[in-house]
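Asks:
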Amino acid sequence: MTSTTSINNNEPKKMALWLKILIGMIAGIIAGMLLGNNAEYIKPVGQLFISAIKMLIVPLIFCSLIVGVTSMKDTTKMGRIGVKSIVFYLATTAVAISIGLGLGLLFEPGAGLNMVATTVADAKPSPTLVDTIVGLVPKNPVGSLASGNILQIIVFALSLGIALNLIGEKGEPASKMFESLADAMYKLTELVMKLAPYGVFALMAWVSGKYGLDVLLPLIKVIGLVYLGCIIHVLVLGGGFVGLLGKLNPQRFYKGIIEAQIIAFTTTSSSGTLPASIKCATQNLGVSRTVSSFVLPVGATINMDGTALYQGVLALFIAQAFGIDLTTTDYLTIIATATLASVGTAGVPGAGLIMLSLVLTTVGLPLEGIAIVAGIDRILDMARTTINVTGDLMVTLLIGKSEGELDETLYNQDNTAAQPAKQ
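Just add 380 to wherever you are in the sequence shown, counting from 1, and you've got the numbering used here.
1. Strictly by DSSP, which residues pair up with Val667?
2. Taking the alpha helix (DSSP H) that Thr472 belongs to, which residues open and close that run?
3. Please name the residue, chosen from Ile714, Met762 and Thr770, that lies closest to Gly679 on a Cα-to-Cα basis.
4. Assess, as a yes-or-no matter, whether the region 648-660 is touched by the region 693-709 under the definition of 3 or more beta carbon pairs within less than 8 Å.
5. Of the choices Ser465, Ser524, Ile446 and Gly482, whose alpha-carbon is the least far from that of Asn545?
6. In whole angstroms, give me the CA-to-CA distance for Arg764 and Ser431.
7. Beta-carbon separation of Asn768 and Asp685 under 8 Å?
8. Taking the alpha helix (DSSP H) that Pro521 falls in, what are its first and last residues?
9. How about Leu738 and Phe468: are their beta carbons less than 8 Å apart?
10. Spatial neighbours of Glu785 within its chain, please: C-beta separation below 7 Å, excluding the five flanking residues on both sides.
11. Using CA atoms only, rank isn't needed, just tell me which of Ile682, Leu402, His613 and Ala644 is closest to Gly462.
12. So, for Leu696: in the same chain, excluding its five sequence neighbours on each side, which residues have a beta-carbon less than 6 Å away from its beta-carbon?
13. For Met735, count neighbouring C-beta atoms within 10 Å of its own C-beta (all shown protein chains included) and say buried if the count is 16 or more, exposed if not.
14. Taking the alpha helix (DSSP H) that Met573 falls in, what are its first and last residues?
15. State the Cα-Cα distance for the pair Lys781 and Tyr607, rounded to the nearest angstrom.
16. Quick one, which of Val775, Thr648, Leu540 and Ala640 has its alpha-carbon nearest Val587's?
17. Compare the C-alpha of Ala688 against each of Ile433, Phe633, Thr473 and Met405 and name the closest.
18. Counting pairs of Cβ atoms below 8 Å between the region 576-584 and the region 635-654, do you hit three or more?
19. Look at Gly480 and Gln691 and say whether their C-beta atoms are less than 8 Å apart.
20. Using alpha carbons as the reference points, say which of Gln700, Val743 and Val775 lies closest to Ala716.
21. Should Pro630 go down as buried or exposed, given a rule of 16 or more other Cβ atoms within 10 Å for buried?
22. Three-state secondary structure (DSSP) at Pro518?
23. Starting from Gln641, follow the alpha helix (DSSP H) in both directions and report where the run begins and ends.
24. Closest to Leu428 by CA distance: which of Leu486, Lys519, Leu575 and Val510 is it?
25. When every heavy atom of the ligand PLP is checked, does at least one fall within less than 7 Å of the C-beta of Ser560?
26. Going by DSSP in three states, Pro746 sits in which element: helix, strand or coil?
27. What number of angstroms, rounded off, separates the C-alpha of Leu538 from the C-alpha of Met413?
28. Counting along the chain, where does the alpha helix (DSSP H) carrying Gly376 start and finish?
29. Which same chain residues end up closer than 6 Å to Lys464 when comparing Cβ atoms and leaving out the 5 residues on each side of it in sequence?
30. For Ile600, report the span of its alpha helix (DSSP H) as first-last.
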């Protein structure tokens, strides 16, 4: 007995995945600075990792949502969770845009540039509310799955899950099949995530080698404000929402989600980070799979805290750069437009720039201002995607707590390699 204990104590402790990813990210930045443009040659390694993650998105969202619905036989509870999700997501988005505007007013990143609007760029048409509502229902569910139309996939998965509940015992075989498929996707996710340190290394080397400091210096103030705003927002989410509303330890929250944050930072995709988000929510935070499978896919699609914050900073930057004074009404319009547009442009490729063009048009700012910041959009996207994912996980945690679907013993463990929460 003594010898067995001794052997177990002498076993080397495995390094946590998030730490491996963090090391890969830092090493990638250093490698990119050393390699410069030659870092382009290792970019395919990162692209392979992103492709592997994208491979998971559609089947993971589809299966996990169906399982989330079928595991909630109480339709009242399902509706309550849905309403809570939307309210929380809109609230955190409004907070984010307000932080962005506040920083823009305080630090005036565009002051003194004295730019003159000579031409007006054509804005990409953003979908109207009617178009968004009509487009929610898929004409061909198989086509939606094939094309990766996330909003339509969510609607179809929710509808199918509700239908399986309504037919009772007849739906049990199909429900069990989707549960098995979801478990298989979670296992596949676990395997793909083991490649994350290598993919993150390659992606960060490419970004660091391509942009360097010379390209960043002219717009370093804008970049700094967006990143500062993101840090403030994370502190607001953790300290304010998690600490005060959820009455939970914010430090445990930060530690439990770091793996998903690093993946979001390097891949710049909320949907692409979904596998890591579900893993963090269930295994690190202790949220039940029932809530995680329902709330996170919705958040990955409609929640854009980081993007909204970015709108606030850039709207002020462009207004100041072109010498345009905004009124109080304009500020309120920006807050309302950016908050609602986060839902209206859900699932649209390039949603960040589409939302920015919509905000600029609404308050009469020159659209050519988009061209000024387009070159650093990838760097800004890294920060805003991280905040989007942080908001998703925060809302999932709070809903899990309010619905009694949170394993607080697991949450309070000083361990990010814990076992999954209850089903």
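Glycine is no exception: its CB is placed at the ideal position from the N, C-alpha and C atoms.
Replies: From the atom records:
1. Start at 1 with the first residue of the sequence shown, and residue 667 comes out as number 287. Val667 is bridged to Leu786.
2. Looking up residue 472 in the sequence shown gives position 92. Unbroken alpha helix (DSSP H) run through Thr472: Thr455 to Phe487.
3. Within the sequence shown, the letter at position 299 stands for residue 679. Ranking the options by Cα distance to Gly679, first place goes to Thr770.
4. no
5. For this step, residue 545 is matched to residue 165 along the sequence shown. Asn545 has its Cα closest to that of Ile446, out of Ser465, Ser524, Ile446 and Gly482.
6. Taking the first residue of the sequence shown as 1, we reach residue 764 at position 384. Taking the first residue of the sequence shown as 1, we reach residue 431 at position 51. When rounded, the distance between both Cα atoms is 21 Å.
7. Your numbering for residue 768 matches position 388 in the sequence shown. Your numbering for residue 685 matches position 305 in the sequence shown. Contact flag set, yes.
8. The count along the sequence shown starts at 1 and reaches residue 521 at position 141. Boundaries of the alpha helix (DSSP H) around Pro521: Pro521 to Ser527.
9. As a working note, residue 738 is residue 358 in the sequence shown. As a working note, residue 468 is residue 88 in the sequence shown. Taking 8 Å as the Cβ cut-off, Leu738 and Phe468 do not qualify as a contacting pair.
10. Counting from one through the sequence shown, the residue named residue 785 turns up at place 405. Taken in chain order, the residues that qualify are Val667, Ser668, Thr670 and Val671.
11. Here residue 462 corresponds to residue number 82 of the sequence shown, with the count starting at 1. The shortest Cα separation from Gly462 among Ile682, Leu402, His613 and Ala644 belongs to Ile682.
12. If you number the sequence shown from 1, residue 696 lands on position 316. If we look at Leu696 and ignore the five residues flanking it on each side, its Cβ neighbours are Gly484.
13. In the sequence shown, the residue the question calls residue 735 occupies position 355. It counts as buried.
14. By one-based count along the sequence shown, residue 573 stands at place 193. Per DSSP, Met573 belongs to the alpha helix (DSSP H) from Glu552 to Met573.
15. In the sequence shown, counting from the first residue as 1, residue 781 sits at position 401. In the sequence shown, counting from the first residue as 1, residue 607 sits at position 227. About 29 Å.
16. Residue mapping note: residue 587 aligns to position 207 of the sequence shown, counting from 1. Cα-wise, what sits closest to Val587 is Thr648.
17. In the sequence shown, the residue the question calls residue 688 occupies position 308. Distances from the alpha-carbon of Ala688 to those of Ile433, Phe633, Thr473 and Met405 put Thr473 closest.
18. yes
19. By 1-based counting over the sequence shown, the position of residue 480 is 100. By 1-based counting over the sequence shown, the position of residue 691 is 311. Yes, Cβ-Cβ distance for Gly480 and Gln691 is below 8 Å.
20. Here residue 716 refers to the residue found at position 336 of the sequence shown. Of Gln700, Val743 and Val775, the residue nearest in Cα terms is Val743.
21. Position 250 of the sequence shown holds residue 630. So Pro630 counts as buried.
22. Translated into positions along the sequence shown, residue 518 becomes position 138. It is coil, neither helix nor strand.
23. What you label residue 641 is simply residue 261 of the sequence shown in a count that begins at 1. Pro630 to Thr647 is the extent of the alpha helix (DSSP H) around Gln641.
24. Position 48 of the sequence shown, counted from the first residue, corresponds to residue 428. Comparing Cα-Cα distances from Leu428 to each of Leu486, Lys519, Leu575 and Val510, the minimum goes to Leu575.
25. Because no ligand of any kind appears in the structure shown, any question about the ligand PLP cannot be addressed here.
26. Working through the sequence shown from its first residue, we reach residue 746 at position 366. In this structure, Pro746 counts as coil in the three-state DSSP scheme.
27. Your numbering for residue 538 matches position 158 in the sequence shown. Your numbering for residue 413 matches position 33 in the sequence shown. Each residue's Cα considered, the two are about 47 Å apart.
28. The structure shown does not extend to residue 376, since the chain is modelled only from 381 to 803, so the question has no answer here.
29. As a position in the sequence shown, residue 464 is number 84, starting the count at 1. Close CB contacts of Lys464 within its chain, under the 6 Å cut and outside five residues either way in sequence, are with Ile779 (chain order).
30. Translated into positions along the sequence shown, residue 600 becomes position 220. Unbroken alpha helix (DSSP H) run through Ile600: Ile600 to Leu615.
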